[in-house]
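Engineer: Residue numbers (the numbering used here): 1 to 245.
We treat Cβ as the ideally placed atom computed from N, Cα and C, and that holds for glycine.
Quantities reported herein were computed from a predicted structural model and do not represent experimental measurements.
A single structure is presented below for examination.
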């Protein structure tokens, strides 16, 4: 659910039950919207102790570097490499994150999300040695306020990254197939693989088509511009895979 300024003021005058219903809806809704302008926005509120906001804005294929970007009224400075980035307070599970982007005095994008809990990996300690060409089951703790879960993996050998796609938020395990661990290297005797589990709020299992996409034609959990606005919380671990070079 997204709020205009008028509806924010209205909700402040609502009864406690109505406010609780709106909060619950906000944390579970994953709306899509038809853009009303030519901007594209990719925005994330990253939870955890060192929580931060990261926002990238483009128009007609060109980066926009002179917008005013706020998450929960914290203005994010522009960074040449990251886009708009800075520390925000997203450390509380269930906290509402409100995005507002203004360019040339006009609000071009807005959205709301909730900070999901942390999906703590429970069965793989960092430093675990995993055998090549064997599947790896990843398990994690249940989380609140997630609308999707994604498991990903990267390798120090430069092999293609792995993604589970968007899993049901009630899921607590996923198996990375043995084929992904068919790893080889001409110079290393082992591969270092980073396994990450992210809880997401703002997109759903039905939004698979946005993974790896460079251009989004509609707004996922964002109004005005195309693109998306999500809150993320995650955990990661490192495994080592001996290579029989």
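#1: Counting only beta-carbon separations shorter than 9 Å, does residue 204 have a partner in chain D?
#2: I'd like the ranges of any beta strand (DSSP E) spanning at least 3 consecutive residues and lying wholly in the region 127–211.
#3: Once DSSP output is grouped into helix, strand and coil, what is the label at residue 22?
#4: Could you tell me the distance, in whole angstroms, from the CA atom of residue 106 to the CA atom of residue 68?
#5: Contact between the region 155–167 and the region 176–184: three or more CB pairs below 8 Å?
#6: How many angstroms separate the CA atom of residue 73 from the CA atom of residue 63?
#7: Among the candidates 145, 70, 65 and 216, whose CA atom is the shortest distance from the CA of residue 38?
#8: For the region 220–231 and the region 32–47, state whether three or more C-beta atom pairs, one from each stretch, are separated by less than 8 Å.
#9: Between which two residues does the beta strand (DSSP E) containing residue 226 stretch?
#10: For residue 127, is the classification buried or exposed, using 16 other Cβ atoms within 10 angstroms of its Cβ as the cut-off for buried?
#11: Pull up the CB-CB distance for residue 115 and residue 147, whole angstroms please, since I reckon it's below 8 Å.
#12: Considering only C-alpha positions, which residue in the set 113, 160 and 42 is nearest to residue 179?
Structural biologist: To lay it out plainly:
#1: Absence of chain D from the displayed structure is noted, only one protein chain being present.
#2: 136–139, 148–155, 173–176 and 190–201
#3: Residue mapping note: residue 22 aligns to position 22 of the chain shown, counting from 1. Only weak support exists for where residue 22 lies, its pLDDT of 44 falling under 50; the value from the coordinates is given anyway. In the three-state reduction of the DSSP assignment, residue 22 falls in the helix class, which pools H, G and I.
#4: Start at 1 with the first residue of the chain shown, and residue 106 comes out as number 106. Start at 1 with the first residue of the chain shown, and residue 68 comes out as number 68. Between residue 106 and residue 68, the C-alpha separation is close to 10 Å.
#5: yes
#6: Taking the chain shown and counting its residues from 1, one reaches residue 73 at position 73. Taking the chain shown and counting its residues from 1, one reaches residue 63 at position 63. Cα atoms of residue 73 and residue 63: separation of roughly 22 Å, rounded to the nearest angstrom.
#7: By one-based count along the chain shown, residue 38 stands at place 38. Out of 145, 70, 65 and 216, 216 has the C-alpha closest to the C-alpha of residue 38.
#8: yes
#9: Locating residue 226 in the chain shown gives position 226, where the first residue counts as 1. Note, residue 226: beta strand (DSSP E), 226–242.
#10: On the chain shown, residue 127 is found 127 positions in, with the first residue counted as 1. By the 10 Å Cβ count, residue 127 comes out exposed.
#11: In the chain shown, counting from the first residue as 1, residue 115 sits at position 115. In the chain shown, counting from the first residue as 1, residue 147 sits at position 147. Not really, about 12 Å apart at Cβ, beyond 8 Å.
#12: Translated into the one-based positions of the chain shown, residue 179 becomes position 179. In terms of CA proximity to residue 179, 160 leads the group 113, 160 and 42.
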